[in-house]
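Take a look at the structure set out below.
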Amino acid sequence: MKFVVSTTALTRALQMTSGALTAHPVMPVLEDFLFELHGNNLSISTSNLEVSINVIIEVTGTKDGKIAIPGKILLDSLKMLPEQPVSFNIDTDNRGIEITATSGKYKLVGEKAEDFPVIERPDKEDQLTLQSDQIIKGIEKSSFAVSNDEMRQNMRGINMNIDFNQLTFAATDAHKLVRYTFREMESNVATSIILTKKAMQILGGILPKNIPVTMHFNKTKAFFSFEKTLLSTRLVEAKFPDYNAVIPVSNDNILTVTRLEFVSALRRLSIFASKSTNQIVMSINDGSLTLNAQDLDFNNEATEQLGCTYEGSPINVGVNCKNLIEILSLIDSDQVILKLSQDNKPIVIVPSEQDPGEDLLMLIVTIS
-1 MKFVVSTTAL TRALQMTSGA LTAHPVMPVL EDFLFELHGN NLSISTSNLE
49 VSINVIIEVT GTKDGKIAIP GKILLDSLKM LPEQPVSFNI DTDNRGIEIT
99 ATSGKYKLVG EKAEDFPVIE RPDKEDQLTL QSDQIIKGIE KSSFAVSNDE
149 MRQNMRGINM NIDFNQLTFA ATDAHKLVRY TFREMESNVA TSIILTKKAM
199 QILGGILPKN IPVTMHFNKT KAFFSFEKTL LSTRLVEAKF PDYNAVIPVS
249 NDNILTVTRL EFVSALRRLS IFASKSTNQI VMSINDGSLT LNAQDLDFNN
299 EATEQLGCTY EGSPINVGVN CKNLIEILSL IDSDQVILKL SQDNKPIVIV
349 PSEQDPGEDL LMLIVTIS
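In terms of this note's numbering, the sequence shown is residues -1 to 366.
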């Protein structure tokens, strides 16, 4: 197996696929990059058995073959080389690998390509085309709300709900919730699937902006294809909670506040809040928002007052400061709107301005 490749192109491909490498795998080969050379096309694959990534790059090939190459030493060494062509000369029988660069030669030993798990490819699954910007934004806004509770498998992922002309990302851990809908899309299918947080974060990290992405899916897997790259992932096989049922529709006390001022105040007060509950109390009346945090165990207390716009009856409500900061930090608008009720229903939080065709809604439960 022989080929010549640019260090820049190869390093970029290795970095894109490295997200699926496994540090301490049950199978040693899962620490490796699988190289498969066909003519001038080099296929590079990685897998952790949950997520698999395949990238194809152009090289100058002279002898086809395939081998699994230890991931860490290969990537670390290539990152140290400046841009230049490097030659790979691989004996697939004894798995000896020789890399020749301008500065010298580097030798290592690979593993059998046959030991690498088969990378499944889409066949006759349902498919649709999405915009990468929608996927990236959906992942960025929803990942924080995914549950870490192993007893709640149906919450341990991001729900993608496709309803012909709209796509909704949703996530919840029962304390906070996000629903992010894109209305300007076309699809011939309707479905609801749950993808793991890890898989979606890997996908979000390698997706270029503003390109079409083809998505295939069946009952157990989803595939995302773009620019000679394929990411496949297992689905969470569970039914996602009916999140629309828990979003209040009658919260008629409306608070509008400057987002960055609100976040800064919350961060200061969080220092004085109870470390077990992270609770802060919001006292709201016309034109005034008072924030109070207490830690009775250490006699710590802090109070701040912010200007706001408020329509509704005076109200006192407690929330988890940490969760509220997370939510507000993911909203882009200068102002945020909080919709509250007198009977301790969850608080609905939305941006004061949203991009056309988009609808972002956050929710946080109250603390009595």
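Ideal placement from N, C-alpha and C gives every residue a C-beta, glycine not left out.
Nothing here was measured: the structure is a model prediction, and the numbers come from that model.
Classify residue i: buried if its beta carbon has 16 or more other beta carbons within 10 angstroms, exposed otherwise.
i    : result
T189 : exposed
Q303 : exposed
R181 : exposed
Q29  : Residue identity check: residue 29 is Glu in the sequence provided, not Gln. E29 should be labelled buried.
H414 : The question about residue 414 has no answer, for the chain in this structure spans -1 to 366.
R119 : exposed
V187 : exposed
S366 : exposed
K70  : exposed
K195 : buried
I209 : exposed
F238 : buried
K122 : exposed
G355 : exposed
Determine the DSSP secondary structure at residue i, reduced to helix, strand or coil.
i    : result
R232 : strand
E367 : Residue coverage of the chain in this structure runs from -1 to 366, which leaves residue 367 outside it and unanswerable.
D240 : coil
M280 : strand
I209 : coil
V2   : strand
E299 : strand
S45  : strand
L287 : strand
G102 : strand
G310 : coil
Using a beta-carbon distance below 8 Å, is residue i in contact with chain B?
i    : result
M360 : In summary, chain B is missing from the structure at hand, where a single protein chain is found.
List the DSSP bridge partners of residue i.
i    : result
S248 : According to DSSP, S248 bridges with nothing at all.
F271 : Before going on, a small fix: residue 271 reads as Ala here, not Phe. Per DSSP, none; premise fails for A271.
F221 : H214, S230
Do three or more CB pairs link the region 294 to 305 to the region 334 to 344 at distances below 8 Å?
-> no
Three or more C-beta pairs below 8 Å linking the region 122 to 141 and the region 195 to 202 = yes
In chain order, each alpha helix (DSSP H) run of at least 4 residues that lies wholly inside the region 105 to 183 = 130 to 140
Between the region 26 to 46 and the region 98 to 105, are three or more C-beta pairs nearer than 8 Å?
-> no
On the three-pair Cβ rule with 8 Å, is the region 266 to 277 touching the region 207 to 221?
-> no
Touching by the beta-carbon criterion (3+ pairs, under 8 Å), the region 278 to 285 and the region 218 to 237 | no
Would you call the region 68 to 85 and the region 138 to 157 touching, i.e. three or more CB-CB distances under 8 Å?
-> no
Do the region 165 to 179 and the region 247 to 267 make contact, defined as three or more Cβ pairs closer than 8 Å?
-> no
Are three or more beta carbon pairs between the region 6 to 18 and the region 45 to 62 nearer than 8 Å?
-> yes
Where are the beta strand (DSSP E) runs, 3 residues long or more, that stay fully inside the region 52 to 86, in chain order?
-> 58 to 61, 63 to 68
Please go through the region 312 to 361 and give each complete alpha helix (DSSP H) segment of 4 or more residues, from N-terminal end onward.
-> 319 to 327
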